[in-house]
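Report on the structure given below.
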Amino acid sequence: MSMNVGQRMKVYMVEKMISCDKAGYLVSKSKETKLNCREKIGLRIHLVTCLVCRQYASQINDLQHMVYRYKNQYTDGTVVHMLTDETRTSMKETVEKEMTGK
Amino acid sequence: MAKGKSHKLDPGRWVDQYADYLFNYAVVRLSDPEKAADVVQETFLSALKGQHTFRGNSTEKTWLTSILKRKIIDIYRKNSSNRESNLQDITDSFEDNDYFDYYGIKKGHWKEEKMPHSNSLMPEGEVENNELREILEKCIAALPENLAAVFVMKMIDDATSEEICKELDITPSNVWVMMHRARLKLRGCIESNWI
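See below:
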């Protein structure tokens with residue numbers, strides 16, 4: 001069966017098309033490592049045609065920023081979670097016991 | 001002190017001085033106050049036994065934190081090696097039946113109830129730091145333990161994929177898939193939990 005250039009192009013594109021599950025994976029993978037050429041092109045073509053995955057990619061960017069902001073709340077040394085007095089006292093007793101036990 | 005840079009240990013004051021800091025460090029990484037308190041306790045006991053290994057070229061706090069860090073990684077390792085249920089998460093495949101359909105013409109498409117519905121994961125207007133923290137800690141705590149471990153190592157401790165592979169005995173593509181699964185779940189959790 002012979003195809004003209006347009007048809008061949010279409011078949012080629014469909015073969016190269018990636019599905020949403022792979023696109024989502026590549027969105028995430030791109031945050032960890034450089035995508036190779038094929039992955040980059042596949043993802044770009046998918047995102048042009050798929051609104052949901054564009055929204056997903058955008059939300060994953062937001063998630064990255066949120067975690068970054070969250071992390072910075074702790075790196076300045078802020079203590080958010082406090083031990084209960086009970087736990088602290090028992091911890092102290094255990095340490096003291098261990099120290100004098102020797 | 002003869003040398004200005006040398007530090008000494010003072011175990012009698014450890015709990016008062018560092019327990020809250022260390023507890024905080026552990027809660028962020030284990031998402032579980034009870035486990036966090038236990039591991040801080042163990043850290044103090046190990047530190048007491050290992051006092052002779054303290055070289056004085058770091059501060060007490062740094063030294064104690066490094067012991068705690070080691071113990072937390074040991075917990076991660078135990079979690080990822082012991083549990084059979086984790087096997088399904090340690091995989092190279094990005095296919096995920098919970099989030100995508102795998103039948104007929106919709107193969108690999110988003111499931112209706114799992115797909116995002118807007119461009120933004122943040123609600124409109126200013127979000128306070130503590131609101132942001134609460135929702136993230138809640139959603140990270142809801143992750144399967146091994147996904148949470150990889151996510152926290154990567155995003156909070158800035159570990160490289162190589163470090164994570166070495167510590168948890170997994171491959172780089174395992175790490176990518178696990179990060180992907182963690183993000184799928186976190187995104188869904190955050191979107192449905194903003195009030």
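Respectively, the protein sequence lines represent chains A and B. Its first residue numbered 1, the first sequence is counted upward by one per residue in the working numbering. Its first residue numbered 1, the second sequence is counted upward by one per residue in the working numbering. All C-beta atoms in this analysis are idealised placements derived from N, C-alpha and C, irrespective of residue type, glycine included.
Sequence-distant residues of its chain with Cβ nearer than 8 Å to residue i (five each side left out)
i	result
ALA2(B)	In this prediction, ALA2(B) scores a pLDDT of 44, lower than 50, which makes its location untrustworthy; the coordinate-derived value is nonetheless stated afterwards. The answer is none, since no qualifying residue turns up.
GLU163(B)	MET153
VAL40(B)	ALA19, LEU22, PHE23, ALA26 and LEU68
PRO172(B)	SER161, GLU162 and CYS165
GLN51(B)	LEU9 and PRO11
Per DSSP, the bridge partner or partners of residue i
i	result
HIS109(B)	ASP101(B)
Collapsed DSSP secondary structure at residue i in the structure displayed
i	result
VAL79(A)	coil
PRO54(B)	Residue identity check: residue 54(B) is Phe in the sequence provided, not Pro. Coil at PHE54(B), not helix or strand.
LYS33(B)	Residue 33(B) is actually Pro in this sequence, not Lys. Residue state, collapsed to three classes: helix.
ALA142(B)	coil
ASP10(B)	coil
CYS50(A)	coil
PHE44(B)	helix
ALA93(B)	The sequence as given places Ser at residue 93(B); Ala does not occur at that position. Coil.
VAL127(B)	coil
ALA159(B)	coil
ILE170(B)	coil
MET17(A)	coil
HIS117(B)	coil
MET91(A)	helix
LYS97(A)	helix
ASN193(B)	helix
THR65(B)	helix
SER80(B)	helix
LYS34(A)	coil
ASN24(B)	helix
MET179(B)	helix
MET9(A)	helix
ASN104(A)	Summary: the structure shown does not reach residue 104(A), with chain A confined to residues 1 through 102, and so no result is reported for it.
MET66(A)	helix
MET1(B)	Reliability of the predicted coordinates at MET1(B) is poor, the pLDDT of 42 falling under 50, and the value obtained from them is presented with this limitation in mind. Reduced to three states, the DSSP call for MET1(B) is coil.
SER85(B)	Annotation note: pLDDT 49 at SER85(B) (below 50); position unreliable, coordinate value reported separately. Three-state DSSP puts SER85(B) in a helix.
For residue i, the first and last residue of its enclosing alpha helix (DSSP H)
i	result
MET155(B)	145 to 155
THR59(B)	First-last for THR59(B): undefined, no H or E at that position.
Neighbourhood of residue i by C-beta, 7 Å cutoff - its chain only, sequence neighbours within 5 removed
i	result
HIS109(B)	PHE100 and ASP101
ASP158(B)	none
Sequence-distant residues of its chain with Cβ nearer than 6 Å to residue i (five each side left out)
i	result
SER85(B)	Model confidence at SER85(B) stands at a pLDDT of 49, short of 50, so the residue's coordinates are unreliable and nothing is read from them.
LEU196(B)	Look at the range of chain B in this structure, 1 to 195, and you will see that residue 196(B) is not part of it.
ALA141(B)	SER31
ILE72(B)	ARG29
Below 8 Å, how does it come out for the segment 11 to 20 of chain B and the segment 45 to 57 of chain A: are there three or more Cβ pairs, yes or no?
No contact exists between the segment 11 to 20 of chain B and the segment 45 to 57 of chain A.
Is the segment 79 to 99 of chain A touching the segment 22 to 39 of chain B, taking contact as three or more C-beta pairs under 8 Å?
The answer is yes - the segment 22 to 39 of chain B touches the segment 79 to 99 of chain A, with three or more Cβ pairs under 8 Å.
At least three beta-carbon pairs within less than 8 Å, the segment 41 to 61 of chain B to the segment 88 to 101 of chain A:
The answer is yes - the segment 88 to 101 of chain A touches the segment 41 to 61 of chain B, with three or more Cβ pairs under 8 Å.
Could you say if the segment 93 to 111 of chain B and the segment 180 to 193 of chain B meet the contact criterion of at least three C-beta pairs nearer than 8 Å?
Yes, the segment 93 to 111 of chain B is in contact with the segment 180 to 193 of chain B.
Three or more beta-carbon pairs under 8 Å between the segment 20 to 29 of chain A and the segment 37 to 54 of chain A, yes or no?
The answer is yes - the segment 37 to 54 of chain A touches the segment 20 to 29 of chain A, with three or more Cβ pairs under 8 Å.
Count Cβ pairs between the segment 138 to 155 of chain B and the segment 115 to 130 of chain B that sit closer than 8 Å; are there 3 or more?
These segments do not touch.
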